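Reviewing the structure listed below.
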Amino acid sequence: MARWLPRSADLTRFCQKLNRVKTLEDDMMETSFNRCLSTIDLTLLGIGGMVGSGLYVLTGTVAKEIAGPAVIVSFIIAGFASLLAALCYAEFGARVPKTGSAYMFTYVSVGEIWAFLIGWNVLLEYMIGGAAVARAWSGYLDSIFNHKIKNFTETHVGTWQVPFLARYPDFLAAAILLVATAFISFGAKVSSWLNHVFSAISMGVILFILIMGFVLAQPKNWSAQEGGFAPYGLSGIMAGTATCFYAFVGFDVIAASSEEARNPQRAVPRAIAFSLGLATGAYILVSVVLTLMVPWHTLDPDSALADAFYRRGYAWAGFLVAAGSICAMNTVLLSNLFSLPRIVYAMAEDGLFFQVFSRVHPRTQVPVVGIVVFGLLMALLALVFDLEALVQFLSIGTLLAYTFVAASIIVLRFQQQKVDAPAPAAGGRPSPEPREGPSAGELKEYESFSDKLQLVDRDKSKEHREPGQLKAAFEPYLEFLSDFYPGEVVTVAVVTLMVSAICLCSILVFGSTHLHLPTWSYSLLLVLFSLGFLLSLLLIWAHEQQRGTQTFQIPLVPLSPALSIVLNIYLMLKLSYMTWLRFAVWLLLDGIWHSKENLREPRPQRVSARYVVFPSGSLEERVQAVQPSSQPAAGLPDTDTEDCKR
Numbered sequence: 001m002a003r004w005l006p007r008s009a010d011l012t013r014f015c016q017k018l019n020r021v022k023t024l025e026d027d028m029m030e031t032s033f034n035r036c037l038s039t040i041d042l043t044l045l046g047i048g049g050m051v052g053s054g055l056y057v058l059t060g061t062v063a064k065e066i067a068g069p070a071v072i073v074s075f076i077i078a079g080f081a082s083l084l085a086a087l088c089y090a091e092f093g094a095r096v097p098k099t100g101s102a103y104m105f106t107y108v109s110v111g112e113i114w115a116f117l118i119g120w121n122v123l124l125e126y127m128i129g130g131a132a133v134a135r136a137w138s139g140y141l142d143s144i145f146n147h148k149i150k151n152f153t154e155t156h157v158g159t160w161q162v163p164f165l166a167r168y169p170d171f172l173a174a175a176i177l178l179v180a181t182a183f184i185s186f187g188a189k190v191s192s193w194l195n196h197v198f199s200a201i202s203m204g205v206i207l208f209i210l211i212m213g214f215v216l217a218q219p220k221n222w223s224a225q226e227g228g229f230a231p232y233g234l235s236g237i238m239a240g241t242a243t244c245f246y247a248f249v250g251f252d253v254i255a256a257s258s259e260e261a262r263n264p265q266r267a268v269p270r271a272i273a274f275s276l277g278l279a280t281g282a283y284i285l286v287s288v289v290l291t292l293m294v295p296w297h298t299l300d301p302d303s304a305l306a307d308a309f310y311r312r313g314y315a316w317a318g319f320l321v322a323a324g325s326i327c328a329m330n331t332v333l334l335s336n337l338f339s340l341p342r343i344v345y346a347m348a349e350d351g352l353f354f355q356v357f358s359r360v361h362p363r364t365q366v367p368v369v370g371i372v373v374f375g376l377l378m379a380l381l382a383l384v385f386d387l388e389a390l391v392q393f394l395s396i397g398t399l400l401a402y403t404f405v406a407a408s409i410i411v412l413r414f415q416q417q418k419v420d421a422p423a424p425a426a427g428g429r430p431s432p433e434p435r436e437g438p439s440a441g442e443l444k445e446y447e448s449f450s451d452k453l454q455l456v457d458r459d460k461s462k463e464h465r466e467p468g469q470l471k472a473a474f475e476p477y478l479e480f481l482s483d484f485y486p487g488e489v490v491t492v493a494v495v496t497l498m499v500s501a502i503c504l505c506s507i508l509v510f511g512s513t514h515l516h517l518p519t520w521s522y523s524l525l526l527v528l529f530s531l532g533f534l535l536s537l538l539l540i541w542a543h544e545q546q547r548g549t550q551t552f553q554i555p556l557v558p559l560s561p562a563l564s565i566v567l568n569i570y571l572m573l574k575l576s577y578m579t580w581l582r583f584a585v586w587l588l589l590d591g592i593w594h595s596k597e598n599l600r601e602p603r604p605q606r607v608s609a610r611y612v613v614f615p616s617g618s619l620e621e622r623v624q625a626v627q628p629s630s631q632p633a634a635g636l637p638d639t640d641t642e643d644c645k646r
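Sequence positions in the sequence shown follow full-length UniProt numbering and run 1 to 646.
Okay, here's the thing in structure tokens:
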């Protein structure tokens, strides 16, 4: 029976496959896509992804049911929290200008299995999210015509009572998705132009709402007679923050479009900053005028803005609000349909999805197969499914992606930059120089003992420390850490930081409710896990990080990504347990073994002994225990004999 048990070498090889990272090309600006998007194009794409129906519905819902007029504070806190995640995306989008967004960022820094997990979750997010927005668009348009479309469908087509299926087929939602799919397939320029039109109309309506709203504002609506500014207190403000946070989901469309940007190193960070700033300002100002126009406790959660104008005697303004809402939902649809096929393309290019989706149309320079197939799937979802039962699954994938991107920033910042191996010499044999430079992130092999001695002398004479190495100021106190490979301690510290954050947030969320912990144990666990989090943070900070790159870098690393990780984990644990159930279903599909990184892995070679340089300067001999071939190839020297002679 023991022969059926996996060997330790097999388990090690399997774990290495799961954690291998993506190898990037030398020229990351080379692409099959059309680099035609400017900073303005990317900014409007980001605004379109964030300022959707939430501006017209979410503000009224949170103001009436959760936070009162203090919804303004909720949006400010949520905007700051989103900024932490957005800055991480901005750095990655500038450094790795490739399509794929969170999937790509995770793949190049953390590992393949985590990228696979993030990729599939983001796909599900976009599919359900796009279909849900299409149904909301259909319902909003139907309400303008007194639900005549719904009544006609129920009368002539029929209804059904099946779990997870809609009461009636929504042909209007499916139709708008098919029309949007057709426009997206014409190319990035056409998609961008269409987004410009809808965004301009939407922003014009928002400007009208703000001007008219401040004219009709009544400060008494924030007075104590109406319940005050924060009737639900601090707990209401924080609960409103958790809800408002999801209003800013959508800026990742900019990172997904970085492979089509003309100058991604500058355009991506600027577009993310501009779009997030404008979206945050729009949400805050609309919340101000809404709660000043009418008392917050009298708002209609379903159509707060239109109802507020109607009650102030401007019923005609409701039509403008309706037009702005429909245009805003159109931009969200375009954002979903624009991003989804590009993430599918990135996964297919890496061998983690069906290869047919990696085809780019030679004329439009977009992944037409992915656009058409997933547009049809999204239309089918909107046509027959009750998406209200599925929308609760949306949040976890976004928050998980934010968490891994933040962790990837820390890992990448403290990693040594990889240097490509030298090309083979004219005779076909590799150059005797080291395969990678002294700053590479892998073991460095040399052909002779003299080469090794020269490297050690050169390293000892250097004062400059590479990324991932312990800072000189901390070496007397943490000398035992200097023996580890550069970046190794940081990786372990990041894992410890995330585990501490999970435990800390679990105590905060479940400690007094589900776990019923006594006060002393609740406080003790909070202190212990907080210390673990802070010590991990300090340990990361005690190491050197990459400096002087030509692209945008998020400030205050590792503090900024660490705060983003804590916030995202806290919000994930606040979700229903049903949102976690889909992992067992959605991730059953396997794509790991078809990975192109698996094809790049070196094949077993013959037994040879080589000198290996470790960071501590020690000399060890590694024997590559692989199966020898029967005989050397004709005309080639026996390299094993040459190595032994050396």
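We put the beta carbon where it would ideally sit given N, CA and C, even for glycine.
Just so we're clear, the structure is a prediction, and the values are computed from it rather than from any experiment.
Closest by C-alpha distance to residue i, when choosing among the options
{"i": "ASP252", "options": "VAL495, ALA230, TYR89", "result": "TYR89"}
{"i": "TYR345", "options": "GLU544, TYR232, HIS361", "result": "HIS361"}
{"i": "ALA67", "options": "GLY236, SER506, PHE357", "result": "GLY236"}
{"i": "ALA136", "options": "PHE385, ALA78, ARG20, ALA348", "result": "PHE385"}
{"i": "SER395", "options": "PHE186, GLN545, TYR232, LEU124", "result": "LEU124"}
{"i": "PRO169", "options": "ASN121, VAL179, GLY158, LEU177", "result": "GLY158"}
{"i": "LEU276", "options": "THR43, PRO555, GLU544, SER560", "result": "THR43"}
{"i": "GLN415", "options": "VAL494, ILE371, ASN263", "result": "VAL494"}
{"i": "TYR522", "options": "LEU571, LEU320, SER506", "result": "SER506"}
{"i": "GLN265", "options": "LEU563, THR39, LEU508", "result": "THR39"}
{"i": "LEU499", "options": "GLN469, PHE533, ALA317, GLY119", "result": "The displayed chain sequence assigns Val, not Leu, to residue 499. The candidate whose alpha carbon is nearest that of VAL499 is PHE533."}
{"i": "GLY397", "options": "PHE474, LEU575, ALA501, ASP307", "result": "LEU575"}
{"i": "LEU556", "options": "ILE569, VAL566, TRP541, GLY52", "result": "TRP541"}
{"i": "VAL51", "options": "ALA175, SER199, ASN34, PRO97", "result": "SER199"}
{"i": "VAL405", "options": "ALA306, ALA86, PRO476", "result": "ALA86"}
{"i": "PHE248", "options": "TYR232, THR280, GLY228, PRO269", "result": "THR280"}
{"i": "GLY130", "options": "GLY187, LEU320, ALA304, MET378", "result": "MET378"}
{"i": "LEU376", "options": "PRO231, ILE343, LEU337, LEU481", "result": "LEU337"}
{"i": "ARG547", "options": "THR496, TYR477, PRO467", "result": "PRO467"}
{"i": "TRP222", "options": "GLY250, PRO163, GLU25, THR298", "result": "THR298"}
Strand pairing of residue i, partner residues [DSSP]
{"i": "LEU470", "result": "HIS543"}
{"i": "PHE385", "result": "LEU165"}
{"i": "LEU37", "result": "ALA261"}
Nearest-angstrom beta carbon gap, residue j and residue i [assumed within contact, 8 Å]
{"i": "TYR283", "j": "PHE75", "result": "5 Å"}
{"i": "PRO295", "j": "GLU226", "result": "5 Å"}
{"i": "ILE209", "j": "VAL286", "result": "6 Å"}
{"i": "PRO558", "j": "LEU537", "result": "6 Å"}
{"i": "ILE206", "j": "GLY318", "result": "About 15 Å; that fails the 8 Å criterion."}
{"i": "SER399", "j": "MET127", "result": "Before going further, note that residue 399 is Leu rather than Ser in the sequence given. LEU399 to MET127, Cβ: 17 Å. No contact."}
{"i": "ALA242", "j": "ALA382", "result": "That belief does not hold up - the Cβ atoms of ALA242 and ALA382 are roughly 27 Å apart, past 8 Å."}
{"i": "ALA188", "j": "VAL366", "result": "6 Å"}
{"i": "SER191", "j": "LEU278", "result": "Incorrect: roughly 20 Å between the Cβ atoms, too far for contact."}
{"i": "VAL110", "j": "MET104", "result": "Not quite, the Cβ-Cβ distance comes to about 11 Å (not below 8 Å), so this is no contact."}
{"i": "VAL489", "j": "VAL411", "result": "Going by Cβ atoms, the distance from VAL489 to VAL411 rounds to 12 Å, so no, they are not a contact pair."}
{"i": "THR99", "j": "ARG342", "result": "4 Å"}
Limits of the alpha helix (DSSP H) - the one that residue i falls within
{"i": "SER74", "result": "71-95"}
{"i": "ALA322", "result": "317-349"}
{"i": "VAL108", "result": "102-109"}
{"i": "ALA114", "result": "The identity of residue 114 in the sequence shown is Trp, whereas the question assumes Ala. Residues 112-144."}
{"i": "GLU154", "result": "148-156"}
{"i": "ARG311", "result": "304-311"}
{"i": "ALA180", "result": "171-184"}
{"i": "TYR56", "result": "54-62"}
Check your understanding: Can you give, in chain order, each stretch of the alpha helix (DSSP H) that sits fully within the stretch 492-573 and has at least 4 residues?
Key -> The qualifying runs are 519-541, 559-573.
Check your understanding: Could you give the uninterrupted runs of the beta strand (DSSP E) lying entirely in the stretch 215-301, keeping only those of 3 residues or more?
Key -> For secondary structure counted as the beta strand (DSSP E) over 3 or more consecutive residues, the stretch 215-301 holds no complete run.
Review point. Which ranges would you report for the alpha helix (DSSP H) in the stretch 360-385 if only whole runs of at least 4 residues count?
Key: The stretch 360-385 contains these whole alpha helix (DSSP H) runs: 368-384.
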